[in-house]
Amino acid sequence: MSETQQSTLWRIPFTPHAPKDQAFAARIIKDTKSIGRHKYWEVECLQESLRTQSFSDILKEISQDTHPDSIILHDALKEDFALLQNWDVEKEPQKMLVLWRDRAITENWNDVVEEVDSVLFDARWSSLQRICSLSKNESDFGFDPNRIGLITTSNGKYLLDIDTNLTRVWDAQTGNAMTSWEPPSPIRSAAALFDDVVAIGLEDGSLYHWELGEDTQYQVYKSETGIAVISAQEETCAIFTVQEAQIINDDGICTHNIPFSSDDPPSLFLTPDKKRLIISNPDQLLVWNLESNTELYSLTAPEDVDEDVEMMTTAILDMASQSKGQRLMDAVSIWDLSLEKQYQLLQTLSEPMVLSPDCERMVSFENGVLQLWERREGRHYVCIHNEKLANIWGLNTIISLAHDCSLLAAAVPDGLIAWDFNTNQFSSLPLPFTFTTTLHSIPNTRFLAVDTGQSVSLFRFASL
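Residues in the sequence shown are numbered from 1 upward in steps of one, following this note's numbering.
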């Protein structure tokens, strides 16, 4: 990784230690010698030594120490130093601080965490903090790569890790283990309903509601085939089984049966007003009017048609292939326009990576520029903020930690990054992530869950 790539994640000025702070670090060195524990356990001392000594010199000094804790310190620093190639301690001293704090949190070194937080607070620097890593029972199913994944309840209180045969539940802000459930049949799909209720679809066609506050699961509906997809609004579920979508109300009654031929599970979106259901796959799109129980709009991949028609149809199907695109298209009422007008409208809209709940704001990322858009009139959006992100690669997922999309977070191979558009602050935590890493915002908080596929951690965006 080049020096330019390293520095792009660290752009907030950091005030160097004042002379009195350097004197304080010198006193710490003297005090720790009398105690016996290595001086580099003290954050101020370690930070000051890094200004004048190389990584190898520090590691060599620690390796010569006879205190039992020095082996732990040596191995931990060696791993973190490996993530700090081409680091400029004078320009970016906070980089080591944030990385060392994250290490201290995972190792439960609470005194080190407090010291680092104190330094960052004095620097008035906005940062990302790991709250905890979620525990799991190694003898159980573990983090199955084929699992459904993480979802949070609508009230933001519970975080669920849904495997096909086991679901674990944690407190979404403390990470404390709460409960678990082994369903009678493998889980195929899940979605948050209202408050603390989650809908879970099973392979045997059962639709369950799970009230987390009461830790109660009960079957509300049973289809003839497995439930592959769920989209929910408040108490109402839209489910997809084999070649058919169904609307299930809170009483467990199927109110609509909507045919849709698809070899693979399609993308499903029940609109917030519960008046339309959007179903799509790469080859076809169907919008169903739930009030009249009739087709509102449909589009199919063209065969042997004019090139312009094929181009416009493909663009619309591409936008509708994901839930964010479906939401945006429904928000701008694209269904009553001609194919040409639909295409022209989509050309004015960037593909959304994040949408606010009311679709009044969206975020896009194109050609290295992160843009925040706001709806002005009817179908028109205007860009209200641009953020050029040079050399940010692998940015394929962004989440919002605020209803108005003013606070964003993303995972890239270089680390966890976040932007606060209201204060123009930028934060980063230089942790290694894979391309399979996903982020999940916790509603009504500045917390987010980071899922690497093998582990889950809770972080918070802290304005210090």
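All C-beta atoms in this analysis are idealised placements derived from N, C-alpha and C, irrespective of residue type, glycine included.
Contacts around residue i, its chain only, beta-carbon distance under 7 Å, and the 5 residues preceding and following it disregarded
i       : result
Asn-422 : Ser-406
Asn-386 : Val-369, Gln-371
His-256 : Gln-246, Ile-247, Leu-290, Asn-293
Pro-265 : Ala-228, Val-229, Phe-240
His-403 : Ser-356, Pro-357
Asp-80  : Leu-99, Trp-100, Arg-103
Glu-374 : Glu-360, Arg-361, Tyr-381, Val-382, Ile-384
Met-329 : Met-319, Ala-320
Chain-order list of residues whose beta-carbon lies under 6 Å from that of residue i (same chain, five-residue window excluded)
i       : result
Thr-167 : Leu-160, Trp-181
Ser-262 : Asn-281
Asp-204 : Ser-185
Phe-269 : Ser-231, Ile-278, Ser-323, Gln-326
Asp-250 : Glu-235
Ile-258 : Ala-245, Trp-288
Glu-214 : none
Ala-331 : Cys-359
Exposure of residue i, with buried meaning 16 or more beta-carbon neighbours within 10 Å
i       : result
Glu-92  : buried
Ala-82  : exposed
Val-450 : buried
Glu-44  : buried
Lys-30  : Low confidence applies here, because Lys-30 scores a pLDDT of 49, under 50, leaving its location unreliable; read the following figure in that light. That one is exposed.
Glu-377 : exposed
Gly-415 : buried
Ile-384 : exposed
His-38  : buried
Lys-95  : buried
Gly-175 : buried
Arg-130 : buried
Gln-454 : exposed
First through last residue of the alpha helix (DSSP H) which encompasses residue i
i       : result
His-385 : First-last for His-385: 380–388, but that is the beta strand (DSSP E), not the alpha helix (DSSP H).
Glu-79  : 69–81
Trp-87  : Segment: none, Trp-87 is in no alpha helix (DSSP H) and carries neither H nor E.
Cys-359 : Neither: Cys-359 is in no alpha helix (DSSP H) and is coded neither H nor E.
Cys-45  : 43–49
Gln-425 : From DSSP, Gln-425 is part of no alpha helix (DSSP H) but of the beta strand (DSSP E) over 425–429.
Ala-465 : This structure leaves residue 465 out entirely; the chain is present only between 1 and 464.
Contacts around residue i, its chain only, beta-carbon distance under 8 Å, and the 5 residues preceding and following it disregarded
i       : result
Ser-298 : Gln-284, Leu-285, Leu-286, Val-287
Endpoints, beta strand (DSSP E) assigned at residue i
i       : result
Ile-398 : 398–400
Arg-101 : Careful: Arg-101 lies outside any beta strand (DSSP E), inside the alpha helix (DSSP H) at 94–107.
Given 8 Å, three or more beta-carbon pairs between the stretch 156–174 and the stretch 104–116 | no
Looking at C-beta atoms only, is the number of pairs between the stretch 212–230 and the stretch 186–201 that lie closer than 8 Å three or more?
-> yes
Entirely enclosed beta strand (DSSP E) segments - the stretch 145–193, minimum 3 residues | 149–152, 158–162, 167–171, 177–181, 187–192
Going along the chain, which unbroken runs of the alpha helix (DSSP H) with 4 or more residues stay wholly within the stretch 198–250?
-> none
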